[in-house]
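Notes follow once the structure below has been shown.
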Amino acid sequence: MTSELSPSHTAATALLQADVVIVGGGPAGLMAAQVLADAGRTVHLFDAMPSVGRKFLLAGKGGLNLTHSDSADVFAERYGARRKDIEALLADFGPQTLRDWAQGLGIETFVGSSGRVFPKDLKAAPLLRAWLQRLRRPASGTGVQFHMRHRWTGWTEQGALTFDTLQGPVQVTARAVVLALGGGSWGRLGSNGAWVPLLAQKGVAVAPLLPANCGFDVQKGWSEFFSSRYAGQPFKSVAVSLTTSMGQTLRRKGEFVATATGVEGSLVYAVSSLLRDEIIRTGSATFHLDLLPDMAPERVLAEVSHPRGSRSLSSHLKSRLHLEGIKSAILHELLPKAVFESPAELAKAIKALPITLQAARPIDEAISSAGGVLFEVLTPALMLEQLPGVFCAGEMLDWEAPTGGYLLQACFASGRQAGLGALAHLNAQA
1 MTSELSPSHT AATALLQADV VIVGGGPAGL MAAQVLADAG RTVHLFDAMP
51 SVGRKFLLAG KGGLNLTHSD SADVFAERYG ARRKDIEALL ADFGPQTLRD
101 WAQGLGIETF VGSSGRVFPK DLKAAPLLRA WLQRLRRPAS GTGVQFHMRH
151 RWTGWTEQGA LTFDTLQGPV QVTARAVVLA LGGGSWGRLG SNGAWVPLLA
201 QKGVAVAPLL PANCGFDVQK GWSEFFSSRY AGQPFKSVAV SLTTSMGQTL
251 RRKGEFVATA TGVEGSLVYA VSSLLRDEII RTGSATFHLD LLPDMAPERV
301 LAEVSHPRGS RSLSSHLKSR LHLEGIKSAI LHELLPKAVF ESPAELAKAI
351 KALPITLQAA RPIDEAISSA GGVLFEVLTP ALMLEQLPGV FCAGEMLDWE
401 APTGGYLLQA CFASGRQAGL GALAHLNAQA
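In this text, residue positions in the sequence shown follow the UniProt record's numbering: the first is 1, and each later residue adds one.
The structure is reproduced here in structure tokens:
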């Protein structure tokens with residue numbers, strides 16, 4: 001089998017041969033390609049879209065949060081139940097290694113005030129351009145050859161990869177394959193989860209894809225008054241806390257946004273996995289909103305109880321507690337009138353206003369997805385035990401993490417591990 005892509009033809013299907021194939025042109029796939037190209041292998045990368053890195057570029061619109069400066073222990077904790085699995089990948093390619101890699105491409109990074117790590121120019125495009133230039137012209141080997149508008153559709157009975165293209169079907173045989181097909185969010189950018197049934201047909205265990213870092217609809221919906229006036233407005237400097245039916249507890253401070261039907265934003269994303277799973281278990285999930293997280297409950301009660309004279313309650317809360325706008329509106333939206341007549345009950349609500357959610361927003365709206373290929377059916381090199389020579393990486397694996405750099409970091413790290421695994425597999429066949 002040759003290392004070059006060498007076509008032959010039947011009446012309807014192009015038949016191609018390759019040494020190693022990457023399917024998926026996101027960060028995980030590109031990193032796997034780099035590992036193999038740097039080792040002198042000729043790599044053929046296939047992607048359904050007209051160009052690679054489309055979701056990566058979308059992430060860059062918000063400043064391209066590459067990774068985070070958390071301590072190793074705190075960083076690993078962000079991956080929840082999959083901590084040990086991701087921690088093993090981070091041991092080889094952690095946050096500092098990622099920053100060093102970017103520096104090697106001529107991209108300087110810095111740590112923001114929140115601890116998040118960004119490129120100095122806050123853009124994704126320069127990094128992607130420099131990366132693609134390196135992939136096409138590595139220090140050794142012939143570089144990565146890109147095959148765009150090739151949508152993977154599975155395998156033939158003989159084990160060849162099959163693709164749909166504008167010119168017709170294509171079959172590709174390869175000695176090693178890295179699948180980096182993404183999760184189920186942002187389908188228009190290529191991550192549509194269409195690979196799930198293809199792997200399931202091969203007996204590969206895949207956890208259902210679910211929305212992660214997503215918004216939610218509130219139970220019964222907002223009133224027309226609240227939705228029309230406050231959708232799109234942020235709750236700033238607040239905290240949310242929740243305790244699930246499984247006894248899990250979490251409290252986070254930050255901000256989020258009211259939507260026409262519910263809530264979304266960074267603070268909601270931080271607790272979205274617990275909220276989503278609670279809705280799946282019980283049909284709804286409730287978190288408590290602290291509108292004044294920096295003020296002790298006793299102080300809030302004292303200010304609410306302070307004589308207000310002829311002032312309206314709204315003016316009183318604005319004057320004594322700086323509660324106005326959407327913070328004041330949410331109290332009127334969710335509390336019965338009787339609560340406003342009781343300083344003790346009102347003060348309690350200001351510090352712990354219950355907000356009940358009935359559903360996560362659709363997966364295609366989510367920033368990322370949970371679920372995917374179980375680590376339990378993968379070797380430490382990320383090779384599928386069911387399919388020797390086939391490796392998986394990126395968001396198609398069964399893990400999730402909040403925003404803040406943790407998503408991209410794990411994609412890069414798993415792509416590197418899969419690339420190293422494919423390289424070892426090829427070397428063992430030599």
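Backbone N, C-alpha and C define an ideal beta-carbon position, used for all residues, glycine too. Note that the structure is predicted; figures quoted are calculated from it, not measured.
On the DSSP bridge list, what partners appear for residue i?
{"i": "Asp-217", "result": "Gly-262, Ala-359"}
{"i": "Leu-181", "result": "DSSP output for Leu-181 lists no bridge partner at all."}
{"i": "residue 441", "result": "Outside the displayed range of the chain (1 to 430) lies residue 441, so it cannot be described from this structure."}
{"i": "Val-43", "result": "Val-20, Val-144"}
{"i": "Leu-353", "result": "Leu-289"}
{"i": "Phe-412", "result": "Phe-412 is not bridged to any residue."}
{"i": "Val-257", "result": "Pro-234, Glu-264"}
If you draw a straight line from the C-alpha of residue i to the C-alpha of residue j, how long is it?
{"i": "Arg-188", "j": "Gln-133", "result": "26 angstroms"}
{"i": "Ser-272", "j": "Ala-212", "result": "6 angstroms"}
{"i": "Ala-102", "j": "Gly-221", "result": "45 angstroms"}
{"i": "Lys-202", "j": "Ala-160", "result": "13 angstroms"}
{"i": "His-150", "j": "Leu-36", "result": "21 angstroms"}
{"i": "Ala-11", "j": "His-68", "result": "With a pLDDT of only 41 at Ala-11, under 50, the local geometry of the prediction cannot be trusted, and the value read off the model is given with reservation. Going by the C-alpha atoms only, they are around 53 angstroms apart."}
{"i": "Val-247", "j": "Thr-286", "result": "Residue identity check: residue 247 is Gly in the sequence provided, not Val. Distance between the alpha carbons of Gly-247 and Thr-286 is about 13 angstroms."}
{"i": "Val-339", "j": "Thr-403", "result": "36 angstroms"}
{"i": "Ser-368", "j": "Ala-296", "result": "36 angstroms"}
{"i": "Pro-7", "j": "Val-390", "result": "Confidence at Pro-7 is low in this model, with a pLDDT of 45, below 50, so the placement of that residue is unreliable and no value is reported for it."}
{"i": "Tyr-79", "j": "Ala-410", "result": "9 angstroms"}
{"i": "Ser-328", "j": "Ala-76", "result": "38 angstroms"}
{"i": "Thr-153", "j": "Ala-33", "result": "21 angstroms"}
{"i": "Ser-314", "j": "Pro-126", "result": "50 angstroms"}
{"i": "Ser-310", "j": "Leu-250", "result": "41 angstroms"}
{"i": "Gly-190", "j": "Glu-324", "result": "42 angstroms"}
{"i": "Thr-2", "j": "Arg-41", "result": "Confidence in Thr-2 is poor, its pLDDT being 36 and thus under 50, which makes the residue's placement unreliable; the coordinate value appears in the next sentence. Roughly 11 angstroms separates the two Cα atoms."}
{"i": "Leu-64", "j": "Phe-412", "result": "14 angstroms"}
Identify whether residue i lies in helix, strand or coil by the three-state DSSP scheme.
{"i": "Leu-250", "result": "strand"}
{"i": "Lys-55", "result": "helix"}
{"i": "Ala-14", "result": "strand"}
{"i": "Pro-208", "result": "strand"}
{"i": "Ala-344", "result": "helix"}
{"i": "His-288", "result": "strand"}
{"i": "Ser-237", "result": "strand"}
{"i": "Ile-22", "result": "strand"}
{"i": "Thr-67", "result": "strand"}
{"i": "Ala-176", "result": "strand"}
{"i": "Arg-111", "result": "Here residue 111 turns out to be Val, not Arg, going by the sequence shown. Note: Val-111 maps to strand in three-state DSSP."}
{"i": "Glu-224", "result": "helix"}
{"i": "Phe-93", "result": "coil"}
{"i": "Leu-105", "result": "coil"}
{"i": "Glu-4", "result": "Bear in mind that a pLDDT of 40 at Glu-4, under 50, signals an unreliable position, so the number given afterwards is only what the model happens to contain. Coil at Glu-4, not helix or strand."}
{"i": "Val-271", "result": "coil"}
{"i": "Gly-29", "result": "helix"}
{"i": "Asn-192", "result": "coil"}
{"i": "Ala-81", "result": "helix"}
{"i": "Pro-50", "result": "coil"}
{"i": "Gly-187", "result": "helix"}
{"i": "Ala-424", "result": "helix"}
{"i": "Lys-337", "result": "helix"}
{"i": "Ala-430", "result": "coil"}
{"i": "Gly-419", "result": "helix"}
Please name the residue, chosen from the options, that lies closest to residue i on a Cα-to-Cα basis.
{"i": "residue 431", "options": "Arg-82, Leu-166, Gly-215, Leu-135", "result": "Nothing about residue 431 can be reported from this structure: the residues present for the chain run from 1 to 430 only."}
{"i": "Val-74", "options": "Tyr-406, Phe-412, Val-268, Gln-219", "result": "Tyr-406"}
{"i": "Leu-336", "options": "Val-373, Glu-400, Ala-349, Ile-326", "result": "As written in the sequence, residue 336 is Pro, which differs from the Leu given in the question. The residue with the shortest Cα to Cα distance from Pro-336 is Ala-349."}
{"i": "Val-20", "options": "Tyr-79, Trp-186, Leu-353, Gln-145", "result": "Gln-145"}
{"i": "Ala-428", "options": "Phe-340, Leu-313, Pro-388", "result": "Pro-388"}
{"i": "Pro-119", "options": "His-322, His-425, Thr-156, Leu-57", "result": "Leu-57"}
{"i": "Leu-274", "options": "Glu-298, Ser-241, Met-295", "result": "Ser-241"}
{"i": "Glu-385", "options": "Val-373, Glu-395, Gly-394", "result": "Val-373"}
{"i": "Asp-85", "options": "Trp-399, Leu-420, Ala-430", "result": "Trp-399"}
{"i": "His-288", "options": "Ile-367, Ala-352, Leu-98", "result": "Ala-352"}
{"i": "Ser-245", "options": "Ser-284, Met-295, Val-238", "result": "Ser-284"}
{"i": "Gln-158", "options": "Gln-167, Val-172, His-306", "result": "Val-172"}
{"i": "Leu-346", "options": "His-332, Val-206, Lys-253", "result": "His-332"}
{"i": "Thr-379", "options": "Leu-420, Ala-366, Cys-411", "result": "Leu-420"}
{"i": "Leu-209", "options": "Val-177, Pro-27, Leu-423, Pro-362", "result": "Pro-362"}
{"i": "Ala-130", "options": "Gly-53, Thr-142, Cys-214", "result": "Gly-53"}
{"i": "Leu-408", "options": "His-147, Gly-182, Gly-254, Val-263", "result": "Gly-182"}
{"i": "Thr-356", "options": "Trp-155, Arg-83, Arg-416, Phe-216", "result": "Phe-216"}
{"i": "Thr-259", "options": "Arg-78, Arg-251, Val-268", "result": "Val-268"}
{"i": "Ala-393", "options": "Thr-13, Ser-227, Ile-22, Thr-109", "result": "Ile-22"}
{"i": "Pro-169", "options": "Pro-27, Glu-376, Asp-277, Thr-156", "result": "Thr-156"}
{"i": "Ala-401", "options": "Ser-266, Lys-236, Lys-253, Phe-46", "result": "Ser-266"}
Does any C-beta atom of chain C lie closer than 9 angstroms to the C-beta of residue i?
{"i": "Pro-297", "result": "Absence of chain C from the displayed structure is noted, only one protein chain being present."}
Problem set entry | Unbroken stretches of the beta strand (DSSP E), 3 residues or longer, contained in the stretch 355 to 402 | 368 to 373, 390 to 392
Problem set entry | Inside the stretch 116 to 170 only - beta strand (DSSP E) runs reaching at least 3 residues | 116 to 119, 144 to 148, 151 to 155, 161 to 165
Problem set entry | Contiguous alpha helix (DSSP H) assignments of at least 4 residues, all confined to the stretch 279 to 329 | 297 to 305, 313 to 321
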